[in-house]
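**Q** FYI, the working numbering numbers position 261 of the sequence shown as 262, with every residue one higher than the one before it. Where is the CB? At the ideal position from N, CA and C, for every residue including glycine. Because the structure is a prediction, the values reported are computed rather than measured. Can you keep this structure in mind? I'll have questions shortly.
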Amino acid sequence: MNPVLRTQLAGVGKRPARLLLTGLAVLVASFVVYATVLAQQITERSVLNGLSGTPEAVDLVVQNGQIKTADLDTIGKIPGVAEAVPRTSIGVRMPAGDLIIATDPGSGPLSTVTVTEGRYPTAAGEIAVTPRTVERMALTVGSKHTVSPGGDAKPVTLTVVGVVQAREDFGFLAYGLLPTASVAGYDWLDRVDIRLDAGADASAVQEKIAAQVKGESPPEVATGAATRLAEARQAAEQVDQVFIVVKVFVAVAVLAAGLIAASTFRIVFAQRMRQLALLRAVGAGRGSLTRALAAEGALTGLVVGVTGVVAALAVGHLIPPALSAFGFEVSSPGFPVLEAAGTIALAVLITVVAVLAPALSAARVAPLEALRSAASTGAKQGVGRLRAITGVLLVAAAAVVAYVVWTGLPKTPDDEVDAQSLLLGIVASGGLAFVALIALGPVLVRPVLVLAGWPLRKLGPVGRLAVGGVGGSARRAAAVSVVVALGVTLLTGVLVCGDSIRILAERETIAAAPADFELKGDIGTVLTPAVTDRAKQSTELTRVTPYRWAGKITIGDYQDAGATDLSMTALPRLAGLDTTSGNVTDLAPGKAIIAGYLADMAGVSAGGQITLKREGKEVRLTVAAVLGGQTPLHTEALLDPSDLTRLGVPAGPTGVLADAAGSGEEGRTAGLQALRAAAGAQPDISVEVLADQRDQINSALATLMVIALALIGLTVLIAIVGVGATTALSVVERVRESGLLRAVGMSRGGLHAMLTTESALYGVIGAVLGLALGVPYAWLAISALANDAPLTFPVWQLVGVFAVLVALTALAGVLPARRAARVSPVTALGTD
């Protein structure tokens with residue numbers, strides 16, 4: 002073995018703590034990577050085992066083509082067919098809302114539902130509903146309901162005979178026999194599930210069905226096993242799409258781990274500069290020294306990679322029994338050996354790549370460095386000329402790409418742009434900017450440190466020493482702070498984009514659902530006075546607001562626009578709509594409030610003139626205000642009632658909006674029942690619970706934010722680990738310095754405070770740099786996703802992120818600082 006390599010490996014064996022600290026970030030990254038593999042396997046196996054919609058007893062499936070109800074008899078008469086079950090569905094209108102009726106046998110091996118109350122339908126006109134449908138639509142076993150199938154079909158009466166538990170329950174599902182689902186005269190089936198006789202030749206039956214069931218678009222005849230596999234693969238594909246996003250963030254976390262590893266290797270090699278110089282002095286060449294240091298990095302990667310994989314495997318196999326104890330059944334991930342080997346290889350690759358630049362730099366040490374103390378080596382400041390030029394060129398390239406993205410941003414909602422390409426451009430520009438930050442980091446650290454360190458210097462010697470410790474090694478500070486900056490950049494982008502999208506969603510939700518309930522009929526339906534009177538008299542409802550809605554209005558070049566005369570002051574939620582110009586309180590006869598995109602198309606703002614045309618009538622109005630998005634109820638214009646009448650719209654209301662008088666779910670249910678009772682005076686209208694839509698949107702946004710923040714948390718976690726590892730290495734390699742400070746009178750508490758403050762400063766520098774990068778790129782991203790989304794800054798959330806990052810980086814230095822403070826001055830001064 003090469004003597005230099007043997008010397009380096011012997012040093013690693015004597016100080017295993019250094020190896021662990023050097024590769025700690027890579028260990029975390031290895032754990033995250035392999036844990037992601039195991040999580041995907043757990044999810045896929047659980048999905049494949051539980052989400053196929055085709056019963057196990059189905060032998061053949063006829064689907065993906067034109068299947069008439071008459072074909073059902075043909076299939077049933079083919080020898081070998083024991084049972085043929087039709088699958089189709091139809092939507093009908095009930096006073097309580099729209100209801101989907103699906104076909105199912107209700108019992109036997111091909112059934113997908115289970116009766117929990119009453120019985121399953123046995124005749125036409127009978128239905129069984131799901132539990133949530135009972136709750137939402139106030140249906141009871143034995144109740145009869147007149148429904149409208151739509152089209153030319155006559156209203157029919159349906160009787161609820163039972164409640165069934167189905168695989169899915171959306172709150173508007175019912176099941177019955179084929180004659181019930183054919184009330185609209187629809188003569189087509191979605192598919193036919195077939196069970197064969199015992200011993201029947203499936204291939205022969207399959208060929209006979211294909212020969213006898215023909216049409217303009219002949220259906221496919223697939224086996225039940227193939228259908229179940231296709232459904233499982235489709236479900237797994239959805240899981241794969243989710244994990245594609247997860248893997249993107251894992252890749253970012255791996256990048257962060259590589260940066261941390263490079264930083265820690267640079268620190269270790271810098272502190273060992275005297276040892277390396279001695280090796281050069283006794284004849285070690287640059288090449289052999291570089292190879293020895295690279296081998297040390299590879300060994301580090303191997304050890305931490307194996308450790309990370311073993312830890313992830315242990316956690317992955319503990320998850321199923323742990324979840325089972327809480328009633329959640331998930332599958333075991335197994336033992337993916339190839340993925341484990343790949344993760345370990347990735348860890349080795351990360352460390353080898355991370356060690357190359359520090360190793361090349363360390364190998365260039367002059368033998369004369371051996372005459373200096375370790376504390377005086379490796380403290381280079383600033384950047385070289387080549388590095389500075391590279392950094393400036395990267396900044397210019399990032400700016401050019403960002404400018405190209407900016408020129409391609411949509412200016413109006415009708416602009417067709419490739420949002421994916423724009424987002425890729427933003428990622429490319431951000432990547433270039435981040436690499437530039439790495440190159441120019443030592444230069445950028447100084448002004449940030451001057452500002453952040455000013456109050457610390459006023460606190461006394463401890464603060465001055467902490468600032469001096471960070472500033473004395475700008476390269477080390479930059480290397481660590483850049484990784485913190487990466488996490489803060491991502492967090493800032495998610496928080497700013499998330500807040501902007503939240504406000505956009507709230508604006509659109511307010512416009513579409515300004516109240517808890519909406520009562521209306523088909524387009525052109527006018528409500529009778531009895532309906533509105535009963536709604537206003539109900540004590541379970543408040544803010545009952547009739548309105549008129551009209552479509553097919555031409556406004557300038559915009560065809561088929563909608564308009565309403567809904568009062569902006571009648572419902573409190575409408576106050577949440579933002580305006581880009583004018584004031585909504587200025588609405589009066591002869592004036593209009595218009596949508597933002599309509600104003601952009603017409604080139605008008607508040608005070609301008611627009612012309613509205615409908616069925617030969619025309620009015621010219623002054624724009625009182627322009628909203629950021631749509632006007633209420635999916636319209637483009639909000640008019641005074643007199644102006645809507647001038648356009649020929651009938652005087653009677655077309656709908657009613659109302660809020661629940663009570664709070665919580667009980668108040669919403671009582672309000673819903675009261676409005677349905679009011680709707681009973683006019684059978685052709687129904688009630689929609691708009692509050693549910695708001696809840697779903699808010700829940701979806703909250704879930705997305707939690708997922709995004711959790712994924713970005715991987716990068717932040719590795720950044721914090723990097724700060725802790727850097728501080729720990731600093732303590733290990735600066736034992737003599739710590740002893741000297743103790744010898745001249747610094748207390749243990751003072752030394753502890755100094756090192757902890759140094760760690761906190763890494764967080765401050767990284768947070769400032771991350772905010773500076775994150776905000777402009779968040780603005781570009783939100784503009785690419787939705788041009789009408791407002792750019793908002795969740796100030797308190799950003800301040801919270803700043804404070805938490807600084808606190809976490811400070812905590813990362815607590816344990817190393819305690820270790821340094823416990824070393825006696827005599828022992829420390831005897832260390833070199």
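Please state whether the Cβ-Cβ distance between E637 and A562 is less than 8 Å.
**A** One-based indexing of the sequence shown puts residue 637 at position 636. One-based indexing of the sequence shown puts residue 562 at position 561. Yes, Cβ-Cβ distance for E637 and A562 is below 8 Å.
**Q** Would you grab the beta carbon distance between I345 and L303 for me? Rounded to a whole angstrom, and I think it's under 8 Å.
**A** Looking up residue 345 in the sequence shown gives position 344. Looking up residue 303 in the sequence shown gives position 302. Rounded, the Cβ-Cβ distance is 7 Å, consistent with contact.
**Q** Can you give me the start and stop residues for the beta strand (DSSP E) that S760 sits inside?
**A** Taking the sequence shown and counting its residues from 1, one reaches residue 760 at position 759. Here S760 belongs to no beta strand (DSSP E); instead the alpha helix (DSSP H) covers 749-786.
**Q** Report back the beta-carbon spacing between L140 and V148 to the nearest angstrom; my notes put them in contact at under 8 Å.
**A** The residue given as residue 140 occupies position 139 in the sequence shown. The residue given as residue 148 occupies position 147 in the sequence shown. So it is not a contact: roughly 12 Å between Cβ atoms.
**Q** Check this for me: beta carbons of D60 and L197, under 8 Å apart or not?
**A** Working through the sequence shown from its first residue, we reach residue 60 at position 59. Working through the sequence shown from its first residue, we reach residue 197 at position 196. A contact, by the Cβ cut-off of 8 Å.
**Q** Helix, strand or coil: which one does DSSP assign to D191?
**A** As a working mapping, residue 191 is identified with position 190 in the sequence shown. In this structure, D191 counts as strand in the three-state DSSP scheme.
**Q** Count the other CB atoms, across all protein chains shown, that sit within 10 Å of the CB of P462; report buried if there are 16 or more and exposed otherwise.
**A** The count along the sequence shown starts at 1 and reaches residue 462 at position 461. The residue is exposed, with fewer than 16 neighbouring Cβ atoms inside 10 Å.
**Q** What does the alpha-carbon distance come out to for the pair A576 and M138?
**A** As a working note, residue 576 is residue 575 in the sequence shown. As a working note, residue 138 is residue 137 in the sequence shown. For A576 and M138, the distance between alpha carbons rounds to 31 Å.
**Q** Classify P122: buried if its beta carbon has 16 or more other beta carbons within 10 angstroms, exposed otherwise.
**A** If you number the sequence shown from 1, residue 122 lands on position 121. Counting Cβ neighbours within 10 Å, P122 comes out buried, since at least 16 surround it.
**Q** At which residue ranges does the segment 69-111 contain complete alpha helix (DSSP H) runs of 4 or more residues, listed in the order of the chain?
**A** 70-77
**Q** Quick check: the segment 536-552 against the segment 658-669, are at least 3 beta-carbon pairs closer than 8 Å?
**A** yes
**Q** Judging by CA-CA distance, which residue of A398, L441, P443 is the nearest neighbour of G431?
**A** In the sequence shown, residue 431 corresponds to position 430, counting from 1. When A398, L441, P443 are compared, the shortest CA-CA separation from G431 is found for A398.
**Q** Since A562 sits in a beta bridge, which residues does DSSP pair it with?
**A** Working through the sequence shown from its first residue, we reach residue 562 at position 561. Per DSSP, I554.
**Q** So what's S377 in DSSP terms, helix, strand or just coil?
**A** If you number the sequence shown from 1, residue 377 lands on position 376. Low per-residue confidence applies at S377: pLDDT is 43, beneath 50, and the placement is therefore not dependable, though the value from the model is reported in the following sentence. Of the three classes helix, strand and coil, the one that applies to S377 here is helix, per DSSP.
**Q** Measure from the alpha carbon of E232 to the alpha carbon of each residue in I594, P56, G92, then state which is nearest.
**A** Numbered from 1 along the sequence shown, position 231 holds the residue referred to as residue 232. Per the Cα distances, P56.
**Q** Please tell me whether V1 and V193 are closer than 8 Å, where the distance is taken between their beta carbons.
**A** The chain is shown from 2 up to 833; residue 1 falls before or after that span and cannot be answered.
**Q** Starting from D660, trace the beta strand (DSSP E) in both directions and tell me its first and last residue.
**A** By one-based count along the sequence shown, residue 660 stands at place 659. From DSSP, the beta strand (DSSP E) with D660 extends over 656-661.
**Q** Under 7 Å Cβ to Cβ from V489, same chain only, skipping five residues before and after it: list those, please.
**A** Here residue 489 refers to the residue found at position 488 when the sequence shown is read from its first residue. Result list for V489: G767, A768, G771, L772, G775, V802, L806, in chain order.
**Q** Using only CA atoms, which one of T533, M95, E127 lies nearest to G107?
**A** Translated into the one-based positions of the sequence shown, residue 107 becomes position 106. When only C-alpha atoms are compared, the closest one is E127.
**Q** Tell me whether the beta-carbon of G591 lies closer than 8 Å to the beta-carbon of T623.
**A** Indexing the sequence shown from 1 puts residue 591 at position 590. Indexing the sequence shown from 1 puts residue 623 at position 622. Yes, Cβ-Cβ distance for G591 and T623 is below 8 Å.
**Q** Mapping DSSP to helix, strand and coil, what is L613?
**A** Taking the first residue of the sequence shown as position 1, residue 613 is located at position 612. Correct three-state label for L613: strand.
**Q** Buried or exposed for G672, going by 16 or more other Cβ atoms inside 10 Å?
**A** Here residue 672 refers to the residue found at position 671 of the sequence shown. By the neighbour-count definition (other C-beta atoms within 10 Å, threshold 16), G672 is a buried residue.
**Q** Tell me, to the nearest whole angstrom, how far the beta carbon of D566 is from that of L640; I am working on the premise that it is less than 8 Å.
**A** The sequence position of residue 566 within the sequence shown is 565, counting from 1. The sequence position of residue 640 within the sequence shown is 639, counting from 1. Yes, D566 and L640 are in contact; Cβ-Cβ is about 6 Å, under 8 Å.
**Q** Just reading off the beta strand (DSSP E) that F803 is part of, what are its end residues?
**A** In the sequence shown, residue 803 corresponds to position 802, counting from 1. No beta strand (DSSP E) holds F803; the alpha helix (DSSP H) holding it covers 796-813.
**Q** Taking 8 Å as the threshold, find out whether the segment 493-502 comes into contact with the segment 453-471 through three or more Cβ pairs.
**A** no
**Q** When the distance is taken between beta carbons, is L762 closer than 8 Å to A453?
**A** As a position in the sequence shown, residue 453 is number 452, starting the count at 1. As a position in the sequence shown, residue 762 is number 761, starting the count at 1. A distance below 8 Å separates the beta carbons of A453 and L762.
**Q** Just to confirm my understanding: we take R669, look at its own chain, exclude 5 residues before and 5 after, and list those with CB closer than 8 Å. What are they?
**A** As a first step, residue 669 must be located in the sequence shown, where it is residue number 668. Hits under 8 Å: D517, A661, G663, V690, A692.
**Q** Under the rule that 16 or more other beta-carbon atoms within 10 Å means buried, what is T510, buried or exposed?
**A** On the sequence shown, position 509 is the one that residue 510 refers to. Classification of T510: buried, given that the 10 Å Cβ count is 16 or more.
**Q** Which one of T117, F336, S568, A125 has the shortest CA to CA distance from Q166?
**A** Position 165 of the sequence shown holds residue 166. If we check each option's Cα against that of Q166, T117 comes out closest.
**Q** Find the nearest neighbour of I427 within the set V446, A403, T408, judged by alpha-carbon distance.
**A** Sequence index remark: in the sequence shown, residue 427 carries index 426 (1-based). Of V446, A403, T408, the residue nearest in Cα terms is A403.
**Q** Taking only runs that begin and end inside the segment 599-648, name each unbroken beta strand (DSSP E) of 3 or more residues, in chain order.
**A** 610-615, 618-628, 638-640
**Q** Considering only DSSP beta bridges, list what T543 is partnered with.
**A** Here the question's residue 543 lines up with position 542 in the sequence shown. Paired residues: D660.
**Q** Determine the burial state of Q207: buried for a count of at least 16 other Cβ atoms within 10 Å of its Cβ, exposed for fewer.
**A** The residue you call residue 207 lines up with position 206 of the sequence shown. It is buried - the Cβ of Q207 has at least 16 other Cβ atoms within 10 Å.
**Q** Which residues does DSSP list as the beta-bridge partners of T131?
**A** The residue labelled residue 131 in the question sits at position 130 within the sequence shown. DSSP lists no partner for T131.
**Q** Can you tell me whether DSSP reads R823 as helix, strand or coil?
**A** In the sequence shown, residue 823 corresponds to position 822, counting from 1. Three-state DSSP puts R823 in a helix.
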